[in-house]
Amino acid sequence: MIFIFRHLLLICLLLVAGKLNATHLMGGEITWECQGNGRYIFSMKLYRDCNGVPLVLPVMLRVHNHPSLSSIPLNLISKTDISPKCNGSGPTISCLSADGNDAGAVEEFIFRSNPINLPGTPPAAGWVFTFDDCCRNAAISNLVISPNASGFTLRATMYAFQGANAGTCFDSSPVFAQVPAVIICAGNDFTYNHNAYDPDKDSLVYNFGQPLDWLNGSNWSVNNPAPLPFQPAYTVQSPFPGPGQNGSIPASLNKATGEISFTPRYLGNFVTVVSVRSYRCGILLSEIFREIQVVVLQCGANSAPQITAPFVDPVSGLRTAFSDTVYAGDLVDFTMTVNDPEFLPIGVPQTVSLLASGGQFGNGFTDPNAGCANPPCATLTPAPPVQINNNGSVQFRWQTTCNHVAVENDCYVPSSTHTFVLVFQDDYCPAPAYRIATVSVVVLAHPVIPPPSLRCTEVLPNGDVILTWLPPADPDNRFNSYHIFSSPSPSGPFTQIDSLFNINTLSYTHTGAGANNGPVYYFIKTRSGCEGRVFSSPSDTLRSLYLNVSDAGAGEIKLQWNPLRQPNLNSTQLPYQVSKQVESGSFQASGTSFTTDFSDFMQGCLQNIFYVVSVPDQSGCFSISSIDGGPFSNDQSPAMPESDSVSVVYSNNNMVLSWPQSPSTDTRAYVVYQYENNQVIAVDTVYGRMTTSLSKSGLHPDEGPLHFRVAAIDSCNNLSEQSATHSTIHLIYTLSSCERKVELHWTPYEGWPVEQYQILVNRDGTGYSLAGTTTGGSTFYTINNLIADSRYCVMVRAKALGAPKSSGSHEICFDADVQTLPEFTYNRKATVLPNGQAFTICHFDNTPDLAFYRVDRALYPGGNYAAHIQMAVPSGSQEISYTDPLVNTSGQSYAYRFALIDKCGNEAMLSNEGRTILLKGTALDGFINKLNWTKYADWDAGVNNYRLYRSTDNGLTYIALEDLGLDTSYVDLLADVPDSIFRYCYFVEATENVGNQYGFRDTSLSNRICLDQKTTVYIPNTFRPRNPVHNNKFKANGLYENQAIQHEFIIFNRWGEQVFYTSDPKKAWDGTYKSQIVPDGVYVFRLRFKLPDGTKFDHKGAVLVLD
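Just so we're aligned, residue 43 is where the sequence shown starts under this note's numbering, counting upward by one.
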């Protein structure tokens, strides 16, 4: 008794500690069910703590994204206490408790709508059904909430299926079969399953979902209502305690069966949302959500009952499996045992209750024929609720059939998974422990055999069609029937025209098909599989061969037909065989074709002809077309020939006309017409369809353009229309003797667009070559620079735009009676004369008739030539020269060239350039002169070397310094030159290289320049007038003596008396004053002079006179 009392006391304390001050919603779900009459019934379950504020009625669902429906009223159906049940020997959790506020005391409210219609098609986001309210309780451990503010939204979504109108009610949502678990004992391994099932046998996928806040009157959108954030360590996919909470094992969710397993070791209240999506043919149809708030409590020392697995694991051979796979028609029969040897706190054995859920259980778990979604139904013996003391067993039986596989849906699903949940729960208080077994049975459908291989279609003369096929493989003898479908259009609709129940029937005649009026389309399905009611996919769609025969004219008959399919079957053996019947004869082979058209030609001018087309298959059958034809007469003119070109053969002046072969095969000849003076004349007839050109002489194309047309004539003397006119090119010329050119004019080519005209020239019989081109719109061209006394022959060729066609004109020839051009003119040199003028001389060819020569001058660097002077060419001489006085050769280089002018006033030839040398220099300190000059240009043999000349006598005589090669600068060091010389003059001489083609080797001189060295003055600071040999004179020395033009040299004694004066730069003071040598001491001097450039020099200083 002490043991029992202690346990009761512990349980009471735990219950007091687990009391909740919550008054709010704890979860719920929304589902719907099709009623079979186009109407839906919506259901909603709400879960709330028992101490909550009573619900406000009536309740309605809000509808979002629907064009006309915004809400669905709901009726309250029931209210149930779903708190954990125990034997009552200890504290219990119940809505009937004194205050109704026990942790885990939960009420379930069930609401249901009246049957309603939902017209329209759901959009991509689906129709969303919601219920929302405020508020969540403050005891929630895994969400970040605001007490009495954070709301609650249940939702479910209905999606479209292949554009179907939801008004037909094509799908029910999944349904949760298991009551939610609301209390879990800490420390126990816990497994639970909400156990959703789909009455339409659609595929289900489970996942955890996101808890939402409430809409509070607003509309549903992507982010409204807002998701409620999770506390750290919790996520959507892990809403229960994990390793960070007392080493708990986090929850795992089997997405296929919905089973949730975890081990909580952390107390609290945890909100979870489980999503179930249903799919059909891989298309999402619906998504429902169950939200529930789960309480984890410390329940004391109680273990869950132990159970045996129902199936043997095929790998280990042990009975540990909870899933089995069977074929439809198999019986599923197993027994599960349960064992719970524990006692209640009052000392009596615990009692285990068996509860079960699943969409395939029958009424009362005993009726195999009714009460489940798809009978036959599963049963349990004994039927729940079952009370078991310590240990016991339960037997499960289920006879599977094809009703349990979704074989009748729009897409064939070869298997369906059915889930059954068995809950073994003890009666321990306050929170019983329980063991949940999720039993999955995968029901397989029997294999579906493929469709037959449809191979041939044969059209009978009356329009009926015989179909031929090969049978499919059927190793398990599952064949039920063939079903033949037909349509006059490839896009349907296809109508079933018959069904055949013998797999060995391999042909069928479609009576009344009308295939002589157009192609008829066929495919065949087999029916097999579960109970022979599953259709295969269609066979290849074949169409009957429909033949269309038409008169193409000129005796040609065109045949066109459709292929069996596009592309043809691999077994179709091309080519097509074409047969024809002439008059009342039999059908005879006419030809073959690898395409679906064929051309035939009449042998006479009036016949009755019928045709049929066939093609074999590798299986041995033939596809045969409809028959078509009729009377054909060759009274249609042949196709008009399109003339290719008309051209002139320049060698014999013949006209050549060509045209492409007539497309009318009955053409026997071509008539050529010439148009002249508005008259049409048939000039010739060319026989033979393959003969497509005519050469005609005596038409004189050199007298003017000729115009031609062509027409075709067939064997029945039908004459075609005449082709477009083609006209020859007529060429004329105008010769200009003085300008040495000929101007060409021609008439445009007519018959096709011209891309360009080519001008071809033959000079002196050397053969034709291309001289130039013009655009198609230009009929004028000039040939310049004719060579005198040559004979020219010219013709013009037109080239077609975008086609390899051409036409040549007749030939014109003439002698080039034009001015003769000189063969050479050579500027020998340009040089600077000693007087500064420029001189240039030219060597030229004087054999032509020349009238003048012109001298052109340009300023360098970079100047442009301008005519400078023009004079008559001297008679009998090959040299002309010119001296240019209007130059500044010391400041500018000049270039000259000679132009020879013929008697027509045209410039006949230009010479090379002759450019003078410009010499410049600078006098530097230290007796250095720096010189540089421009290069000479432009001798035939080039420059051999430059030589510098220097004069020290003011330019009277020059001495060559040295050969400078091709250098164009020089530094002249004057240290060795007498210091009395201050002016130096220079010029440069350029010498031509050897190898001049005219035999010359000329020189060119630069301008002359003189450089004055800077003035130098040297004044001693002592002298001895009594010394008979050295330093007995006093004067200033330097270059200035030879440069000064005004000069004063004055000496004063210490009293300011002038003791010496001279204006002669060369005169020195001998130290006397009034004929007496002055006393020793310091004397002051002043030196003043002026240079020729105006520079003045004024210097004062002192000199010491010594004994």
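Backbone N, C-alpha and C fix where the C-beta goes; we use that ideal spot for every residue, glycine too. The model shown is predicted, which means the values in this text are computed figures rather than measured ones.
When the five nearest sequence neighbours on each side are left out, the beta carbons in the same chain lying within less than 6 Å of the beta carbon of residue 888 are those of 920, in order along the chain. With a threshold of 16 other beta carbon atoms within 10 Å, residue 378 meets it and is buried. Bridge pairing for residue 249: 317 [DSSP].
The secondary-structure analysis by DSSP pairs residue 951 across a beta bridge with 942.
Boundaries of the beta strand (DSSP E) around residue 292: 291-295. The three-state secondary structure of residue 381, taken from DSSP, is strand.
Residue pairing from DSSP leaves residue 706 without any beta-bridge partner. In this structure residue 485 does not touch residue 576 by the C-beta definition: roughly 14 Å separates them, more than the 8 Å allowed. Put simply, the stretch 903-919 does not touch the stretch 827-846. Fewer than three CB pairs are less than 8 Å apart. Collapsing the DSSP output to three states places residue 787 in a strand. Pairing residue 262 with residue 579, the inter-Cα distance amounts to about 41 Å. With respect to the C-alpha of residue 195, the residue from 282, 1040, 392, 251 having the closest C-alpha is 251. Going by beta carbons, residue 1006 and residue 986 fall outside the 8 Å limit.
With respect to residue 654, residue 629 sits close: the two C-beta atoms are nearer than 8 Å. In the three-state scheme derived from DSSP, where H, G and I count as helix and E and B as strand, residue 469 is classed as coil. Between residue 1026 and residue 999, the gap from beta carbon to beta carbon reaches 8 Å or more. With a beta-carbon spacing of about 18 Å, residue 1132 and residue 1061 fall beyond the 8 Å limit used to define contacts.
Here DSSP, grouped into helix, strand and coil, assigns residue 444 to helix. When the five nearest sequence neighbours on each side are left out, the beta carbons in the same chain lying within less than 7 Å of the beta carbon of residue 1043 are those of 1034, 1036, in order along the chain. For the 8 Å CB-CB criterion, residue 923 and residue 957 do not form a contact. Using a 10 angstroms sphere on the CB of residue 1103, the tally of other CB atoms stays under 16, which defines it as exposed. With a cutoff of 8 Å on beta-carbon distance, residue 708 and residue 643 are scored as near each other.
Put simply, of 124, 365, 772, 715 the residue whose alpha carbon is nearest the alpha carbon of residue 689 is 772. Counting only runs of 3+ residues, the beta strand (DSSP E) found wholly inside the stretch 535-600 occupies 537-542, 549-552, 563-570, 589-595, in chain order. DSSP assignment within the stretch 650-715 yields the following whole beta strand (DSSP E) runs of 3 residues or more, N-terminal first: 664-666, 670-675, 687-691, 696-700. Three or more pairs of CB atoms, one per stretch, sit closer than 8 Å, so the stretch 268-276 contacts the stretch 170-185. Listed as beta-bridge partners of residue 323 by DSSP are no residues whatsoever. Remark: C-beta atoms of residue 334 and residue 574 do not approach each other more closely than 8 Å.
Judged by DSSP secondary structure, residue 896 falls within the beta strand (DSSP E) whose first and last residues are 892-902.
For residue 637, the closest of 237, 616, 624 by C-alpha to C-alpha distance is 616. Take the alpha-carbon of residue 764 and the one of residue 719: they are about 18 Å apart. Residue range 82-91 is occupied by the beta strand (DSSP E) that includes residue 84. Taking 8 Å as the cut-off, the Cβ atoms of residue 938 and residue 982 do not count as close. Sequence-distant partners of residue 364 (beyond 5 residues in either direction) whose C-beta falls short of 8 Å from its own C-beta, in its chain, are 351, 352, 353, 479, 480, 481, 482. Membership of residue 1098 in any beta strand (DSSP E) is not indicated, and neither H nor E is assigned to it by DSSP.
Collapsing the DSSP output to three states places residue 1005 in a strand.
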